[in-house]
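Working notes, structure below.
Numbering (the numbering used here), first residue to last: 283 to 348.
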């Protein structure tokens, strides 16, 4: 499956992973979500309502950063 990472800032995701912050990002709108588990998949986005929030570490493993 190919994911669309066009709404995600790869440098920001890497910074979040390195800082060990609990942030996630929505693949639909690019909004950030606080308090996410690193391996979160298909979480609810408070910005757009879609179930497309992924934890920063999960995004890294999915190839969002290069």
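All C-beta atoms in this analysis are idealised placements derived from N, C-alpha and C, irrespective of residue type, glycine included.
All values derive from a computational prediction rather than experimental measurement.
- Of the candidates 330, 309 and 299, 299 places its Cα closest to the Cα of residue 319.
- Sixteen is the threshold: when 16 or more other Cβ atoms of the shown chains lie within 10 Å of the Cβ of residue 309, as they do, the residue is buried.
- Note: residue 316 is bridge-paired with 305 in the DSSP secondary-structure output.
- For residue 344, the enclosing alpha helix (DSSP H) has its first and last residue at 338-344.
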